[in-house]
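Here's the structure we're looking at; comments come further down.
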């Protein structure tokens, strides 16, 4: 656990954040906090809670303004569930507003998105379009936002685009010919899908999809080469199939097992150690793995990579988008107050389902205060315990004006022993 001893400052803030609620004014940021950024000044921060709740309930305003209101209400101890009961806006929708709001504010602050493009995101359906871009770099967010409006993308296509961006970043050795334009990035994704599919008709369809979105001649040339390579292979197999019609034939048999995409989709993560023992220095030296080729062969990167334990997890969406993922061991999830609070485990049965080991999967990287979401948990070094890492809710960090060292993506649990296990 994390101590909350004297000395004030960050140590006290973290110590309380993982145990009991705090007075809403206790860690109020200093006057003028973040004013230097201009566009990020929160025009809702001085609104009374009842006014914010009324505006959210009536829908009088823009969704990104509601996002700021939700953030402020959460900081003032109005939980997402309470806000939901008073406004009819579910906790899921509140979190989507907040997450998409950080993306919207970052592209707005950049000054690189034309006003007419930004205005299109006034639409109340926009959070579902922007939310998938939260794990992208600022430049990638900007490019994807502009492309989304230009091509009138659906939420599903935005999610595919975000995953494609991450895949393009990882596969440096395979993306020759494809630029970082969102159209080429999608084309690269379609080419990889074409190479991995079992059926010729699906392969042609993927190549055609790639051709329809590619923006560079070099990308289109790669797609054409992909089609030619597949056709040449099909011709060779037909000539050498040993079917008695001119083929070579053979008494030996060779079994070919084609992997399904979900059978090869794993991500290797370094296991930094148990929660309560991992220190800030462990984050700064986090090793990485690089995956290449159709089989996802991975190489460990970093001076201490070979000495670190690793775990392979399925390529879930949140993990696919992560750039520097890592895992922290939790010996017993039911013993961590922050996990109990974050999973809303209220009854004894809820806590029993949480009992047992888990892996806290994180995205390593400093998170500025302006990008912290009150609906998310973060990792922060605690000075009171030798800079060992603590699990802290975003609302607490935002109140204190403290940046995070890593973002918590999810808690992974081992397979359940029976149907009633969590």
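Numbering (the UniProt record's numbering), first residue to last: 1 to 422.
Every residue gets a Cβ at the ideal spot worked out from N, C-alpha and C, and that includes glycine.
Coarse secondary structure for residue 44, derived from DSSP in three states: Residue 44 sits in coil when the DSSP states are folded into three classes, being neither helix nor strand.
Cβ contact (3+ pairs, closer than 8 Å) linking the region 79 to 87 and the region 349 to 367: no
Run of the alpha helix (DSSP H) containing residue 199, from where it starts to where it stops: Unbroken run through residue 199: none, as it is neither H nor E.
DSSP state of residue 66 mapped onto helix, strand, coil: helix
Reference residue 199, options 189, 174, 258, closest by Cα: Residue 258 is the option with its Cα nearest to residue 199.
Proximity winner among 105, 280, 164, 44, relative to residue 138 (alpha-carbon distances): Considering only alpha carbons, the answer is 105.
Proximity winner among 77, 86, 97, 76, relative to residue 61 (alpha-carbon distances): Residue 61 has its Cα closest to that of 97, out of 77, 86, 97, 76.
Sub-8 Å separation of residue 194 and residue 215 beta-carbons: no
Residue 221 versus residue 204 - alpha carbon distance: Each residue's Cα considered, the two are about 15 Å apart.
Residues bridged to residue 382 [DSSP beta-bridge criterion]: 388
Residue of 143, 102, 100, 134 minimising C-alpha distance to residue 427: What the structure shows of the chain is the stretch from 1 to 422, and residue 427 is not part of that stretch, so it cannot be assessed.
Contact the region 337 to 344 vs the region 306 to 317: 3+ CB pairs below 8 Å: no
Three-state class that DSSP yields for residue 328 in the structure shown: strand
C-beta contact flag for residue 398 and residue 108 at 8 Å: no
Nearest-angstrom beta carbon gap, residue 330 and residue 286 [assumed within contact, 8 Å]: Not a contact, Cβ separation roughly 18 Å.
Beta-ladder partner(s) of residue 111, from DSSP: In DSSP, residue 111 forms no bridge with anything.
Candidates 181, 158, 59, 157: closest to residue 168 by CA position: 181
8 Å Cβ cutoff met for residue 86 and residue 69: no
Straight-line Cα distance separating residue 201 from residue 406: 43 Å
Beta carbon of residue 177 nearer than 8 Å to that of residue 218: yes
Minimum length 3: unbroken beta strand (DSSP E) runs contained in the region 307 to 383: 309 to 314, 325 to 330, 358 to 367, 377 to 382
Backbone CA spacing between residue 110 and residue 136 [nearest angstrom]: 14 Å
Heavy atom of the ligand NAP within 7 Å of residue 301 beta-carbon: With respect to small molecules bound, the structure shown includes none, and the ligand NAP cannot be examined in it.
Contact belief for residue 485 with residue 373 at Cβ below 8 Å, rounded distance in angstroms: Residue numbering for the chain in the displayed model covers 1 to 422; residue 485 lies beyond these limits and cannot be assessed.
Residue 84: first and last residue of the uninterrupted beta strand (DSSP E) it sits in: Premise fails: residue 84 lies in the alpha helix (DSSP H), 80 to 87, not in any beta strand (DSSP E).
Distance, residue 46 Cα to residue 275 Cα: Linking residue 275 to residue 46 through their CA atoms gives a straight-line distance of about 37 Å.
Given 8 Å, three or more beta-carbon pairs between the region 265 to 279 and the region 386 to 395: yes
Cα-Cα separation, residue 145 to residue 128: 12 Å
Within the region 108 to 186, ranges of the alpha helix (DSSP H) (whole runs, at least 4 residues): 115 to 120, 127 to 130, 138 to 151, 155 to 170
Outcome for residue 133 when other beta-carbon atoms lying within 10 angstroms are tallied against a minimum of 16: buried
Span of the alpha helix (DSSP H) around residue 399: 394 to 400
Among 211, 89, 77, the one whose alpha carbon lies nearest that of residue 54: 89
Candidates 395, 223, 327: closest to residue 95 by CA position: 395
Supposed close pair residue 186, residue 213 - CB separation, criterion 8 Å: About 5 Å separates the two Cβ atoms, so the contact holds.
7 Å CB neighbourhood of residue 18 in its chain, flanking five on each side removed: Residue placement at residue 18 is flagged as unreliable, the pLDDT there being 37, under the threshold of 50; the coordinate-derived value follows with that caveat. If we look at residue 18 and ignore the five residues flanking it on each side, its Cβ neighbours are 2, 337, 338, 390, 391, 392.
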